[in-house]
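Residues 1 to 405, numbered by my numbering, are exactly what the sequence shown covers, in order.
Below: the structure, in structure tokens.
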Amino acid sequence: MSSVTIVGGGLAGASLACALEPLALDITVLESVPFESNSQPSFDERTIALTWSSRQVLDAIGIWQDTQALAGPIHRIHISNRGHTGITRLDRHLIGVEALGYVVPTRVLGQALAERLKASTHIDYRSPARAVDLDITGAAVSVRIAGEQTPVTSQLVVIADGGRSPLRELAGIREDQQLYNQAALVTIVGVDRDHDCTAFERFTRHGPLALLPLNGRRFALAWTLPPNEAEQVQALPEVDFLERLQCAFGDRVGFFVRCGNRQLYPLKRAKVADPVSVRVVALGNAAHVVHPVAGQGFNLGLRDVAEFAEMLADAVAKGTDIGDADLLRRYAAARVAQTRRVLGFTDGLLRLFANELPGLTIARNLALNTLEVLPPVKHLLLARTAGLTGRLPRLSRGLPLASAP
């Protein structure tokens, strides 16, 4: 019997496995998608935005050194309201960090994590291996894998297989969701001038348009639109798409000269009522999905990882059961509270900036202009953006699990 079975070897599940490796637990990771170690970079590869505290987590678990060379740092954030006067600028120096965040190719981060899992002597990394059922009996949980006769049995099961997790429902963990009637059009765009490590958030009448700096004269674009319009914009020839984007964003970054493959993602808000069950815990997108307006999706999942890994480390140090109900309840209490705050923050931004009522237009212009001249408020917003608010777990401070608090 293993100590922990992690269902889902994606970014959240693999990060947790790497975080737990120093504890010398026997860990099994089940990933349904085959790992492709020979995938090559391309202009339009997918990216992920990391906050400063997420970078600290990756550094503490030994992954950052394998990804930092291709990570685009964010030194400044420029926030504006399309067609109106509201504007504010946020700079890393206000909170004294090397960068407010980083934009990393998902492929690079995923490969670094997977290679680490495969090289570990404490981790049994199985790919492809699709979990199809689980059975909870006393002090153990058994996970059945498609096409295999013998289930994987462990003291604790972590469900980290994404927002459409079938095992989450089998474990009795219920999800509530709200559709936003919006879609995110995601691609990589090239420009004709240097971006100076500046990220842009441009609020339009339909929703936010974000440009995140990558290495070279490239940005990762996330453009929120109504679903029907998003499909129309996605289907445009490249020259027409770039013209439409230029019209929506303006010329603050110069001219858009190239775009990669365009993908659409329906946007929703989702969270589980309770992320734990008997000897089972859900984390990452299996526990919550947030609107990308504040860039907190994967970062919220990494905070789950840091918090849960610290609690398991303390349990191991004390010699207590890592699947203990009281431990899981403490984790749930900590994460439900922060998840609620993040969801409330993103919903508040959407209500303020995606509504064209005259009163709200005036309010958001006033909010942005007031923020520009109030450094203490800027500091608070930046600390939240960088993931530095509230009690930080050891990993989120860049410390190994064995360190004292």
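We put the CB at the ideal spot given by N, CA and C, even for glycine.
Cutting at 7 Å between CB atoms, please list the residues of its own chain near residue i, excluding the five before and the five after it.
i, result
"LEU185", "TRP223, LEU225, ALA230, VAL233, GLN234, ARG262 and LEU264"
"THR389", "ALA383"
"LEU380", "none"
"GLN40", "Confidence at GLN40 is low in this model, with a pLDDT of 47, below 50, so its placement is unreliable and no value can be given for it."
"LEU109", "LEU11, ILE48 and THR67"
"VAL290", "ARG269, GLN296, GLY297, LEU300, VAL342, LEU343 and THR346"
"ALA334", "GLU307"
"SER403", "Per-residue confidence for SER403 stands at a pLDDT of 42, beneath the threshold of 50, marking its modelled position as unreliable; no derived number is given."
"LEU328", "VAL276 and VAL281"
Counting C-beta neighbours from all protein chains within 10 Å, is the total for residue i 16 or more, i.e. buried, or is it exposed?
i, result
"HIS93", "exposed"
"ASN299", "buried"
"PRO393", "buried"
"PHE241", "buried"
"CYS18", "buried"
"MET1", "exposed"
"GLN155", "buried"
"PRO400", "exposed"
"GLN56", "buried"
"LEU267", "buried"
"PRO213", "buried"
"PRO406", "Residue coverage of the chain in this structure runs from 1 to 405, which leaves residue 406 outside it and unanswerable."
"PHE256", "buried"
"ASP135", "exposed"
"ALA313", "buried"
"GLU307", "buried"
"LYS271", "buried"
"VAL239", "exposed"
"GLU169", "exposed"
"PRO105", "buried"
My output table needs one value for residue i: the three-state DSSP class, helix, strand or coil.
i, result
"HIS195", "coil"
"ASN81", "strand"
"HIS379", "helix"
"ALA282", "strand"
"GLY110", "helix"
"VAL272", "strand"
"ALA386", "coil"
"THR137", "strand"
"GLU175", "strand"
"ASN181", "strand"
"THR346", "helix"
"PHE35", "coil"
"GLU201", "strand"
"GLN338", "helix"
"VAL253", "coil"
"ASP240", "helix"
"ARG397", "helix"
"VAL97", "coil"
"MET1", "coil"
"ARG46", "coil"
"VAL290", "coil"
"GLN263", "strand"
"ALA24", "coil"
In the DSSP assignment, the beta strand (DSSP E) including residue i goes from what residue to what residue?
i, result
"VAL29", "27-30"
"GLN155", "152-159"
"ALA222", "218-225"
"PRO128", "Element bounds for PRO128: n/a, residue is neither H nor E."
"ARG89", "87-91"
"LEU392", "Element bounds for LEU392: n/a, residue is neither H nor E."
"GLY72", "72-74"
"GLU146", "At residue 146 the sequence reads Ala, which differs from the Glu that was named. Taken as a continuous stretch (DSSP letters only), ALA146 belongs to no beta strand (DSSP E), as it is neither H nor E."
"ALA210", "208-214"
Which residues in the same chain have their Cβ closer than 8 Å to the Cβ of residue i, if we skip the five residues on either side of it in sequence?
i, result
"HIS206", "GLN182, THR224, LEU225, PRO226, GLU229 and ALA354"
"ALA386", "THR51, TRP52, SER53, ILE95, VAL97, LEU100 and GLY101"
"GLN246", "PHE255 and PHE256"
"TYR331", "PRO275, VAL276, VAL281, GLU307, PHE308 and MET311"
"GLY441", "Lying outside 1 to 405, the shown extent of the chain, residue 441 is not represented and no answer is given."
Starting from the C-beta of residue i, find all residues in its chain whose C-beta is less than 6 Å away, skip the five residues before and the five after it, and write them out in chain order.
i, result
"ILE79", "THR88 and GLU201"
"THR137", "none"
"ARG144", "VAL132, ASP133 and PRO151"
"SER142", "ASP135, PRO151 and THR153"
"LEU58", "TRP64"
"GLY8", "ALA160 and ASP161"
If I follow the unbroken alpha helix (DSSP H) through residue i, where does it start and stop?
i, result
"GLY301", "297-318"
"SER54", "52-60"
"GLY13", "11-20"
"LEU167", "166-170"
### Message
With three or more beta-carbon pairs closer than 8 Å as the criterion, would you say the region 159-174 touches the region 8-19?
### Response
Yes: the two stretches touch, three or more of their Cβ pairs being nearer than 8 Å.
### Query
Do the region 246-261 and the region 119-128 make contact, defined as three or more Cβ pairs closer than 8 Å?
In short, these stretches do not touch, since the Cβ pair count stays below three.
### At least three beta-carbon pairs within less than 8 Å, the region 21-36 to the region 114-126
Touching, yes, given that three or more Cβ pairs across the two stretches are closer than 8 Å.
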